[in-house]
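Everything below concerns the one structure shown next.
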Amino acid sequence: MPISENIKKEIERLAVVDDEKKLLFDFLTLEDCGMHQYQNAYQKLIKDYLAKHEGEADKK
Amino acid sequence: MKGITIEKIEFENFRQYGTGSLSFPNKNEYSLSVIIAKNGTGKTTLLNAITWCLYKTEKHLPEGKEALPILNADVLRNSQPYERKDVSVALTISVDQKMIEFKRIQSCDIIKNDLGANGIAEGISKFTVATTIKGGTINTDIKEAEEAEAIVKQYFDEDICDFYFFDGEKLSEFFSVGRADIIKESIFNISQVNLLERTINHLKSLKNKLNRGMGKTIPDLVPLLDKLDESRDLLDKARNEYNDSTQRGDNLRLEIQEYDKKLRRLEPAKGLQNERATLEKDLSDLTEAREEVVRNESVFIRHYLTLFNLYPRIKTTYDYIIDKQEEGELPPSIDIDLVKMIFDLHAKRCPMCNNILTPESFEYLQEILEENTVSSRVSNYLSGIRDSLEKFIETARRYPEEKNIIEEQLKDIDSRISERENRLKEISSLLMGYDGNEDNINQKIQELERCRNSAQKELDIQNTRRGAALSRKELYQNEIDRIEKDIESTQNKLCVHDENEKKVKLLGELSSLLETVRNNIMRDMRMEIEAKTWEIFDKMIWKKNTFGDIQINDDYTISVYNTDDIQMTGSLSATERMALAYAYTLAIHQASGRNCPLVIDSPLGRVSDDNRESIAKVLLDTSKEKQIIMLFTPDEYSSSVRNMYDKVASVRELSLNDEEDYVEGIEG
Chain A
12 MPISENIKKE IERLAVVDDE KKLLFDFLTL EDCGMHQYQN AYQKLIKDYL
62 AKHEGEADKK
Chain B
3 MKGITIEKIE FENFRQYGTG SLSFPNKNEY SLSVIIAKNG TGKTTLLNAI
53 TWCLYKTEKH LPEGKEALPI LNADVLRNSQ PYERKDVSVA LTISVDQKMI
103 EFKRIQSCDI IKNDLGANGI AEGISKFTVA TTIKGGTINT DIKEAEEAEA
153 IVKQYFDEDI CDFYFFDGEK LSEFFSVGRA DIIKESIFNI SQVNLLERTI
203 NHLKSLKNKL NRGMGKTIPD LVPLLDKLDE SRDLLDKARN EYNDSTQRGD
253 NLRLEIQEYD KKLRRLEPAK GLQNERATLE KDLSDLTEAR EEVVRNESVF
303 IRHYLTLFNL YPRIKTTYDY IIDKQEEGEL PPSIDIDLVK MIFDLHAKRC
353 PMCNNILTPE SFEYLQEILE ENTVSSRVSN YLSGIRDSLE KFIETARRYP
403 EEKNIIEEQL KDIDSRISER ENRLKEISSL LMGYDGNEDN INQKIQELER
453 CRNSAQKELD IQNTRRGAAL SRKELYQNEI DRIEKDIEST QNKLCVHDEN
503 EKKVKLLGEL SSLLETVRNN IMRDMRMEIE AKTWEIFDKM IWKKNTFGDI
553 QINDDYTISV YNTDDIQMTG SLSATERMAL AYAYTLAIHQ ASGRNCPLVI
603 DSPLGRVSDD NRESIAKVLL DTSKEKQIIM LFTPDEYSSS VRNMYDKVAS
653 VRELSLNDEE DYVEGIEG
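Line order of the protein sequences matches chains A and B. Under my numbering, residues 12 to 71 are what the first sequence spells out, in order. Under my numbering, residues 3 to 670 are what the second sequence spells out, in order.
Printed below as a string of structure tokens:
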């Protein structure tokens, strides 16, 4: 089932960068597909996200 | 925006639908399909075809009844033993740019049953979901088994299928005990709050795993992490106990429903026993009455026997008197004593008119006296017995009539006796059908009532246990939230900038963001459902000055208030409860953001005339937003509904063929 419009709206309203919103959608999509081995998939998404935003946390 | 739309349903050898298809085209901006069919034609079977296709179960079969085989009766009758026949139902939906076909095939082996008739043994079953992207190159992806089931869950989750495919006549059960939990769970499913919950838990769980790894290098974290583990264990225990008591409660509810079902089944037996007692009493009264009539008949026969023996003589004598009278041979009656008195007193005047009697008058009187001395006595005597003879003759004439009355009485009593004897035989055979030994029925009822009460007590215990576990669950969850915050602040203080710390920080942020999303959705959802329910209910109900407000409580129970703010949920009529159930269901659909179709059997079945039109109007308006398929009986599709729907809906009438094996009115 596609992520509901209500959830989409709520995530869009969050005061975070678009990539973080996309990351949230990615997690929800993974869950919605009934991912059993979620940890590896989650770790990969986190790792990719951090790699893309390397240095930003330090700047903050 | 029509969301998910059922395009067509295809059947192969499925019950009375046989082989063919039903499509649901849109005529205009309304996505409304109306199917009209008499009871027993296949309305509910259509609903069952959908649930069988998606979940392999026909959810709307009558309770406690053995259903006919799923294979079409005509195909079954004309098949040879050991032949194999396939039954299938395929449901095609369109959503976004996709066409998805859900198809279930069940192979059936033909066997001979104990009575020598054809039966089936179900063989291999296969379920597939084929997804085709609309437009461009045709690219069909076919899934089977678990993957196919997962797609069903995405679109028509079985746990909440009561919200998509339901029987309007059963909507009044919508608010029965224990339903609020199911509704709440369903709402969380529909609105994907459960999806958010799972994601949050997985994010937190991953965060804790990483924390544990970090705890080895950050000693301050160790006690906090230990405490977190402890609280998590306690939470798990409380959760398990909650789940366990919920599960037990659900099982007990099912058990109680099963007892109720059995008791309901035995209720007619109790009625039959009472009817039998009444009939037996009637029969004994009638037998007594019959004996009385037979006794009267004997008296009657004896009476008439004597009369008929004497009848020829009576009739002859009577006829003789009448003849004599008619011929004037019977002289008139003369007062001989008066004439004698005139002579004896040597009276000179008439005692009647006081005129002086002439010698001629004396002479005439003398003649009268001589002629009538004997004849007047005979005349008086004959006149006396003529009346009695007349009575006998009259009685004899009434014989056929009186005989007929007695015969009619006997006939009537005999027919009533035979009627009762036949019904008693029928009752005996019906009672034998319940148990084989009707004397055990009362015992069985008592036993079932005892078991039901004991299950009810156990259910009360489980409900208390569940409530306590829920409080503990909330307590430990709060404790965990607090510890997690402490861990986060400890980490911040330590300013560890390794990769894991970044991950942990990000995971914490993400789970907290999703918690915000979840809480907002839960709050908005409840408020939206509350507002929509009120809006729809208000449109559906003709009374405008009675209802003041509707509140959806935290546990998703619903309260209706009157205009004086006094709760009146328990005082709603059956139609009002049905309207409330519709309003709640439609509100949940609207608020969920998931636009699924509605298939409703007997949508206005129990709606009284006052509200019929307004409920029909709301459903019509709803069909602008989502597809609605309604299955009506001809009576239910009354003229007011017809006037509203015929212009805009795709209307189809279904009937059975002469042999009643196939539904007519479907395609192919």
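Glycine residues also receive a C-beta, built at the ideal position from the N, C-alpha and C atoms. Keep in mind the model is a prediction, meaning the values are calculated, not measured.
- Beta-bridge annotation (DSSP): N120/B is paired with K114/B.
- For T319/B, the three-state secondary structure derived from DSSP is helix.
- Listed as beta-bridge partners of E666/B by DSSP are S657/B.
- In chain order, V519, N522 and I523 make up the part of chain B whose C-beta sits under 7 Å from the C-beta of E21/A.
- Contact check for D169/B against S604/B passes: the beta carbons are separated by less than 8 Å.
- Within chain B, L515 have C-beta atoms less than 7 Å from the C-beta of V27/A, given in sequence order.
- Inclusion of I415/B and R292/B in the CB contact set at 8 Å is warranted, their separation being smaller than that value.
- Closer than 7 Å at the C-beta level to chain A, one finds no residue of the stretch 227–246 of chain B.
- Identification of residues in the stretch 551–571 of chain B having a C-beta nearer than 9 Å to some C-beta of chain A yields an empty set.
- Along the length of the stretch 258–305 of chain B, whole alpha helix (DSSP H) runs at least 4 residues long do not occur.
- From the listed residues N80/B, L56/B, T248/B and K45/B, the smallest Cα separation to L63/B is found for K45/B.
- In the three-state DSSP reduction, A150/B falls in the helix class (H, G or I).
- Taking C-beta atoms under 8 Å as the contact rule, L39/A and I18/A qualify, at a distance of about 7 Å.
- Interface annotation, N51/A: not in contact with chain B, CB-CB separation never under 8 Å.
- Following the DSSP letters along the chain, one finds Q50/A inside the alpha helix (DSSP H) bounded by residues Y49 to K63.
- A69/B carries a coil assignment under DSSP once its states are collapsed to helix, strand and coil.
- With its beta carbon less than 8 Å from one in chain A, H204/B belongs to the interface.
- For F36/A, not one C-beta of chain B is nearer than 8 Å to its own C-beta.
- Around Q479/B, the same chain offers L237 as residues with beta carbons nearer than 7 Å, after the five sequence neighbours per side are excluded.
- Neighbours of T201/B in chain A, taken as residues at a C-beta separation under 7 Å, are given in chain order as F38, L39 and E42.
- Using a Cβ-Cβ cut-off of 8 Å, L508/B is close to I57, Y60 and L61 of chain A, given in chain order.
- Of the candidates R255/B, S81/B, K209/B and E148/B, the residue whose Cα lies closest to the Cα of Q458/B is R255/B.
- The three-state secondary structure of Y313/B, taken from DSSP, is helix.
- Sixteen is the threshold: when 16 or more other Cβ atoms of the shown chains lie within 10 Å of the Cβ of Q18/B, as they do, the residue is buried.
- Three or more Cβ pairs closer than 8 Å define a contact, and the stretch 477–492 of chain B meets that threshold against the stretch 226–237 of chain B.
- Taking a C-beta distance under 8 Å as the contact criterion, D612/B and W544/B qualify as a contact pair.
- Here the stretch 262–278 of chain B lies against the stretch 422–437 of chain B, with 3 or more beta-carbon pairs under 8 Å apart.
- Non-local beta-carbon contacts of G607/B in its own chain, meaning distances under 7 Å to residues more than five positions away in sequence, involve G170, E171 and E638 in chain order.
- Separation of the CB atoms of A51/B and F16/B is rounded to 6 Å, and the pair is thereby assigned contact status at 8 Å.
- According to the DSSP assignment, A51/B belongs to the alpha helix (DSSP H) that extends over K45 to Y57.
- Interface annotation for the stretch 41–57 of chain B against chain A: empty, criterion Cβ-Cβ distance under 7 Å.
- Closer than 7 Å at the C-beta level to chain A, one finds these residues of the stretch 181–196 of chain B: S193 and Q194.
- The shortest CA-to-CA distance from E517/B to any of V36/B, D183/B, T53/B and V195/B is the one to V195/B.
- By the neighbour-count criterion, in which 16 or more other beta carbons inside 10 Å mark a residue as buried, F104/B falls on the buried side.
- By the criterion of a C-beta distance shorter than 7 Å, R468/B is surrounded in its chain by Y244, S247, T248 and G251, once the five residues flanking it on both sides are discounted.
- Considering only E537/B, F13/B and Y563/B, the residue with the shortest C-alpha distance to T548/B is Y563/B.
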